[in-house]
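If you want our numbering, it's the position in the sequence shown, counting the first as 1, plus 12. All C-beta atoms, glycine included, are put in the ideal place defined by N, C-alpha and C.
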Amino acid sequence: MTLSNKDKEYVRTFWAKVSIQVEDVGNDVLSRMLVVYPQTKTYFSHWKDLGPGSALVRKHGKVVMMGVGEAVGKIDDLEKGLLTLSELHAFQLRVDPANFKILCHIILVVLAIKYPNEFTAQVHVSLDKFLCALSLALAEKYR
Ligand code: HNI
13 MTLSNKDKEY VRTFWAKVSI QVEDVGNDVL SRMLVVYPQT KTYFSHWKDL GPGSALVRKH
73 GKVVMMGVGE AVGKIDDLEK GLLTLSELHA FQLRVDPANF KILCHIILVV LAIKYPNEFT
133 AQVHVSLDKF LCALSLALAE KYR
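Below, the structure written as structure tokens:
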């Protein structure tokens with residue numbers, strides 16, 4: 013799947029808004045993922061508190077969303093840009109790539125709730141394409 017220049021523009025413009033609230037957005041995303049898809053908790057079993065909004069959930073939520081933000085910066089070559097992160101998730105963390113789809117779905121839901129006016133159908137399409145491409149790039153090192 014290729015992102016058109018228009019897609020990239022929509023993603024960059026939308027992300028400019030998200031980037032000033034990455035901590036809150038990240039907290040909502042990770043909190044919701046752990047509640048709605050409790051199987052994802054297995055990867056974070058070393059944390060003391062996996063409840064919504066806990067200190068570690070908030071902190072890691074921000075880390076993940078910063079990662080997505082970096083990917084926006086590398087939107088022209090996601091495969092190369094995310095190589096290190098892909099290696100980390102594949103070989104060290106051993107995260108089943110099915111979870112990338114889950115996380116991307118949650119990201120869309122949270123952004124739609126938080127930015128109802130900016131989250132137009134066109135932004136939705138472009139973000140969905142971007143997140144699919146990001147997931148694919150993250151799964152690159154699994155094969
Ligand atoms: Ni993910 C660590 C980014 C999906 C489980 N993850 C990171 C880090 C970044 C990151 C950045 C910190 C790396 C470092 O320390 O150098 N993760 C991303 C991105 C996505 C993603 C951009 C997809 C959009 N990660 C997932 C998913 C899971 C996941 C779907 C599991 C359900 N990630 C982890 C775990 C860690 C992690 C586990 C280590 C956490 C820890 O304890 O430090």
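When you compare the CB positions of Val47 and Val122, do they come within less than 8 Å of one another, or not?
Their beta carbons are not under 8 Å apart, which means Val47 does not touch Val122 by this criterion.
Here's the rule: buried if 16 or more other CB atoms are within 10 angstroms of the residue's CB, otherwise exposed. What is Phe26?
Label assigned to Phe26: buried.
For Ala124 and Pro64, I'd like the C-alpha separation in whole angstroms.
Going from the Cα of Ala124 to the Cα of Pro64 covers about 19 Å.
Sort Ala67, Asp89 and Leu105 by Cα distance to Tyr154 and report the nearest one.
It is Leu105.
Which residue spans inside the stretch 42–94 form an unbroken alpha helix (DSSP H) run of at least 4?
With a minimum length of 4 residues, the continuous alpha helix (DSSP H) runs that stay inside the stretch 42–94 are 67–85 and 90–93.
Answer with buried or exposed for His58, where buried requires no fewer than 16 other C-beta atoms within 10 angstroms of its C-beta.
By the neighbour-count rule (16 or more Cβ atoms within 10 Å), His58 is not buried but exposed.
With a threshold of 7 Å, establish whether the CB of Gly79 neighbours any heavy atom of ligand 1.
Yes, since a heavy atom of ligand 1 falls inside the 7 Å radius drawn around the Cβ of Gly79.
Output needed for Lys113: all residues of its chain with C-beta closer than 8 Å, excluding positions within five of it in sequence on either side, in chain order.
If we look at Lys113 and ignore the five residues flanking it on each side, its Cβ neighbours are Ser147.
Can you tell me the Cα-Cα spacing of Met78 and Lys71, whole angstroms?
So the two alpha carbons sit approximately 11 Å from each other.
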